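No gaps in the numbering here: position 98 of the sequence shown is 117 in the working numbering, and each next residue is one more. Here a beta-carbon is modelled for each residue, glycine too, at the ideal position from N, C-alpha and C. All figures in this text were calculated on a predicted structure; none of them were measured in a lab. As structure tokens, the structure follows; a few thoughts come after it.
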Amino acid sequence: MADSEYSFASRKCDIVMKGGITSGIVYPRAVSRLAKEYRFQSIGGTSAGAIAAAMTAAAEYSRSRGTMVFDKLDEIPRWLGQSSWGRNSNLLNLFQPQATTRGLFRVALAFLVKPWWRRLLKLVQATWLDLLIGIVPGALVAFLTIDSHPKAGIVLGSLLAIAGAIVGAVIGILIRILCLRTYYYGLCTGYAKPHPHGPPALTGC
């Protein structure tokens, strides 16, 4: 029944899709509905809309060859929201950062998490090494003064450790940001080598 609906579409139209993750999730089902009445001619898009445009063009090409796949576009939004690998959604797993930008990618993702305490936890997980390095001076002060001035040493050491952790995290993030020029200021290319025990990337190498 679905095949016949798409086969009898006779009206023609052009379609251009804008960017945005939310829009990108909506597009597949919208295109599937429109394809019951229209045949797409000029197809374009930007960012997530470009990905949807590529799928639309492929589905329209298949229709011109006698194969109907528009109904399969309906399944894409549901699959993107599922979690086939770990806790992350399939949509997030498609975008995999390079090894050198992985830390900054995790920092960026931390700001998308709510409530604030989970956001803080994600930031700590992303910058734990920088935090640890920053804590070292304060820990040394507390250790060296533990015999002569134990209370003052602990207080001063704790304050230095907190300040050092904050400074260490900020410097670590800034250093990673400066490295972005190598990747044309992008955190994730979408390319990754196939891994037998990991999720697939948007585009394999």
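| query | result |
| --- | --- |
| Comparing C-alpha positions only, which one of 87, 80, 55, 40 sits nearest to residue 64? | 40 |
| Grouping DSSP H, G and I as helix and E and B as strand, with all else coil, what is residue 189? | helix |
| Could you give the uninterrupted runs of the beta strand (DSSP E) lying entirely in the region 30-62, keeping only those of 3 residues or more? | 30-36 |
| In the DSSP assignment, what are the bridge partners of residue 100? | Answer is none; residue 100 lacks a bridge partner. |
| Using a Cβ distance threshold of 8 Å, determine whether the region 45-64 contacts the region 81-95, with at least three qualifying pairs required. | yes |
| By DSSP, does residue 64 sit in helix, in strand, or in coil? | strand |
| Quick one, are the C-beta atoms of residue 122 and residue 158 less than 8 Å apart? | no |
| Any contact between the region 105-125 and the region 201-220? By contact I mean 3 or more CB pairs, one from each, below 8 Å. | yes |
| Nearest-angstrom Cα distance between residue 176 and residue 161? | 5 Å |
| Taking the straight line between their C-alpha atoms, what separation do you get for residue 69 and residue 42? | 11 Å |
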